[in-house]
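Report on the following structure.
Number of protein chains: 2
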Amino acid sequence: MTFELHPRLARDTLPVASLGLSELLLMNDARFPWCILVPRRAGLREWHHLPATEQTRLMAEIEQVSEVLEALPGITKLNVGALGNLVPQLHIHVLGRHPDDAAWPGPVWGAGSPEPYAPGAAEGLMNRLRRSVDTSR
Amino acid sequence: MTFELHPRLARDTLPVASLGLSELLLMNDARFPWCILVPRRAGLREWHHLPATEQTRLMAEIEQVSEVLEALPGITKLNVGALGNLVPQLHIHVLGRHPDDAAWPGPVWGAGSPEPYAPGAAEGLMNRLRRSVDTSR
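So the sequence lines, in the order shown, correspond to chains A and B.
For the first sequence, the working numbering assigns the number 730 to the initial residue and increments by one for each residue that follows.
For the second sequence, the working numbering assigns the number 730 to the initial residue and increments by one for each residue that follows.
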């Protein structure tokens, strides 16, 4: 069984980079700086089913993304979550929040409707992420 | 600065055990088997601000709790999340979901009102957790 990105994740996101373990995606929702990490492991559903070394690697990738997001203007809190109720393929949400955002203080999942980025509007954040993450395998 | 459990977490949960890094709590909400891990680190707000060794330790504690929850009858998916929009003290939610639960497939945060356990009704799950987690420091 080879890894293939779940079609719903592919549809809802913009591809940013391939990290050592995970695909880094940006949710196509301009309301929040919202990244998703998807470990390239076929059939994986739960975080703790990763072997310990890959749990650590995933955590390191979350940290790299977190550092970019927490440095964005206005961001006061990060949210990190692995839910998978709709898309069972393991994927970790890492996103920045601020007290004026569209869902504060509630969770972003299920809150309103995504607002896709205007053409080119995601490039700045995507390039910032690409400059900061480690893409070595 | 010494660690002190945030009063809202203290109010909303039942204490289960002290693990190597974290306090393990059970949300007093019988709708979901819902644990919370709170690293005993004063002033800590974000997961990735933990040093790498403690990130790994926290992940191991999440794994121990996850293994108990995923073995409960009917549980088909775990949700793991660090939000902290209301309670900034770092705390990790680890909970079991099933397709007939009160919030499926939405997130549990902000969904309806907690239903406190009847007297004694949480003991079975709390004892199961206590038997399975590592409380050595």
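Glycine included, C-beta positions come from ideal geometry on N, C-alpha and C.
Whole-angstrom distance between residue j and residue i, CA atom to CA atom
i      : j      : result
A/S795 : A/G853 : 16 angstroms
B/W838 : B/Q793 : 22 angstroms
A/L750 : A/L798 : 20 angstroms
B/V816 : A/S842 : 26 angstroms
A/R866 : A/S747 : 9 angstroms
A/F761 : B/A851 : 37 angstroms
A/H777 : B/M730 : 32 angstroms
B/P802 : B/N808 : 16 angstroms
B/T908 : B/I821 : Because chain B is modelled from 730 through 866, residue 908 of chain B falls outside the range shown and cannot be assessed.
B/M788 : A/L819 : 16 angstroms
B/M756 : B/G813 : 15 angstroms
A/P737 : A/V823 : Before going on, a small fix: residue 737 of chain A reads as Arg here, not Pro. So the two alpha carbons sit approximately 17 angstroms from each other.
A/G810 : B/G810 : 4 angstroms
A/G849 : B/R770 : 41 angstroms
A/P834 : A/V862 : 28 angstroms
A/E783 : A/L754 : 19 angstroms
A/R859 : A/P744 : 11 angstroms
B/G772 : A/E775 : 29 angstroms
B/A800 : B/H735 : 30 angstroms
B/A840 : B/A832 : 6 angstroms
A/N856 : A/P768 : 21 angstroms
B/T864 : B/R786 : 12 angstroms
Where residue i falls, given that 16 or more other Cβ within 10 Å makes a residue buried
i      : result
B/R740 : exposed
B/T742 : buried
B/D758 : buried
B/R826 : buried
B/D830 : buried
A/E790 : buried
B/E844 : exposed
A/E733 : exposed
B/P828 : exposed
Per-residue contacts from residue i into chain B (C-beta, under 9 angstroms)
i      : result
A/R811 : Residue 811 of chain A is actually Ala in this sequence, not Arg. Result: L807, N808, V809 and G810.
A/T785 : A781, Q784, T785 and M788
Listed by chain order, chain B residues near residue i by CB distance under 8 angstroms
i      : result
A/R826 : N814
A/G692 : Here chain A comprises residues numbered 730 to 866, so residue 692 of chain A is not present and cannot be evaluated.
A/S861 : The premise fails here: A/S861 is roughly 13 angstroms from chain B at the closest Cβ pair, so nothing lies under 8 angstroms.
A/S795 : E775, W776 and H777
Identified DSSP bridge partners for residue i
i      : result
B/H822 : B/I765 and B/G810
A/S751 : A/P768
B/T742 : B/M756
Neighbouring residues, chain A, relative to residue i (Cβ below 7 angstroms)
i      : result
B/W699 : There is simply no residue 699 of chain B to check, as chain B begins at 730 and stops at 866 in what is shown.
B/S751 : None at all; the shortest Cβ gap to chain A is about 15 angstroms.
Proximal chain B residues relative to residue i, where beta-carbon distance stays under 7 angstroms
i      : result
A/I791 : H777
The stretch 772-789 of chain A in contact with the stretch 762-771 of chain B per 3-pair CB rule at 8 angstroms: no
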